[in-house]
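Numbering-wise (my numbering), the sequence shown opens with residue 47 and increments by one.
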Amino acid sequence: MLSGAKGRRAAAGIVEPVARFFLSLGLTPNGVTVLGTVVTVAIAVILIPLDHLFLAAVLSGVFSAFDMLDGAMARMTTGGSKFGAVLDASCDRITDGALFAAICMWLVYVDHAGPATVAACLIVLISSQVTSYVKARAEATGFSVSGGLVERPERLIIGLVGVGFEGLGVPYALEVALWLLVIGSIFTVLQRIALVKKRDSNARFKKELRQ
Numbered sequence: 047m048l049s050g051a052k053g054r055r056a057a058a059g060i061v062e063p064v065a066r067f068f069l070s071l072g073l074t075p076n077g078v079t080v081l082g083t084v085v086t087v088a089i090a091v092i093l094i095p096l097d098h099l100f101l102a103a104v105l106s107g108v109f110s111a112f113d114m115l116d117g118a119m120a121r122m123t124t125g126g127s128k129f130g131a132v133l134d135a136s137c138d139r140i141t142d143g144a145l146f147a148a149i150c151m152w153l154v155y156v157d158h159a160g161p162a163t164v165a166a167c168l169i170v171l172i173s174s175q176v177t178s179y180v181k182a183r184a185e186a187t188g189f190s191v192s193g194g195l196v197e198r199p200e201r202l203i204i205g206l207v208g209v210g211f212e213g214l215g216v217p218y219a220l221e222v223a224l225w226l227l228v229i230g231s232i233f234t235v236l237q238r239i240a241l242v243k244k245r246d247s248n249a250r251f252k253k254e255l256r257q
């Protein structure tokens, strides 16, 4: 939802000046991708298990913006490359996995949460990877699949808001965020699979008409 054209236009006023500044420093889009990934992963796996939830949420939100910066920098220079696209997508999966793995560690070792809450976090971790895999696998077979109820921006916003409010002492904030993501992420996976099925049926129907 937020990763579409409207979401990018809304953020362009902030992202593009920063992107120009980074280019003036001699940074490359791929370099910013890797830097943002390393810093974001470090924030998640260090601060969250140490129970610094609010600080982790704020810093993770700031450095997650690097995901928009590298794209803006690429459009301003080379226009992007296939390698850059693969690198960006791979780094996104790493940061998503690190965030929810760190949350899971916090639930188990700090919060001593019940099995259902830990299971919810694991479901979100897995479904976040499957959501992206469905898109990548569909594109590999020639179908363009994008959109959905809970894409990466929504997943990060809901997850980090839950972490931040939990850090401020709001009861059940993280649990509510995780269960919202469980429902939304599973729906999105099914939504994308249904879209692939529909497009495959349409493609076969058109092929039969041509025969």
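Glycine included, each C-beta is placed from N, C-alpha and C at the ideal position. Since the model is a prediction, treat every value here as computed from it, not as a measurement.
Local Cβ density within 10 Å of residue i, reported as buried at 16 or more and exposed below that
| i | result |
| --- | --- |
| K181 | buried |
| A240 | exposed |
| R198 | buried |
| T187 | exposed |
| I60 | exposed |
| G160 | exposed |
| A162 | exposed |
| G230 | buried |
| S174 | buried |
| E185 | exposed |
| V87 | buried |
| S106 | buried |
| G125 | exposed |
| L214 | exposed |
| A51 | Summary for A51: the model assigns pLDDT 48, below 50, so the residue's position carries little reliability, and this model does not support an answer. |
| L220 | buried |
| V196 | buried |
| S247 | exposed |
Residue nearest to residue i in terms of C-alpha spacing, selected from the options
| i | options | result |
| --- | --- | --- |
| D116 | D246, T83, P75 | P75 |
| L153 | V91, G77, A120 | V91 |
| F129 | V84, G77, S70, G143 | G77 |
| S110 | K252, R139, L168 | R139 |
| Y179 | L214, G230, T234 | T234 |
| I94 | R201, R183, V196, Y155 | Y155 |
| M268 | F68, G213, P161 | Beyond the ends of the chain as shown, which are 47 and 257, falls residue 268; an answer cannot be given. |
| F211 | V104, V85, L73 | V104 |
| L171 | L195, G125, G230, F146 | F146 |
| A183 | A148, I232, V242, L195 | Ala is not the amino acid found at residue 183; the sequence shown has Arg there. The option with the nearest alpha carbon to R183 is V242. |
C-beta atoms of residue i and residue j nearer than 8 Å
| i | j | result |
| --- | --- | --- |
| L224 | A135 | no |
| T20 | C150 | This structure does not reach residue 20, given that the chain is present from 47 up to 257, and the question cannot be answered. |
| L227 | R201 | yes |
| V209 | R238 | no |
| T83 | T141 | yes |
| L81 | F112 | yes |
| A118 | A65 | yes |
| F189 | R256 | no |
**Prompt:** At what residue ranges does the region 87-143 contain a whole run of the alpha helix (DSSP H), taking only runs of 4 or more?
**Reply:** At a cut-off of 4 residues, the continuous stretches assigned as alpha helix (DSSP H) that sit fully inside the region 87-143 are 99-110, 112-122.
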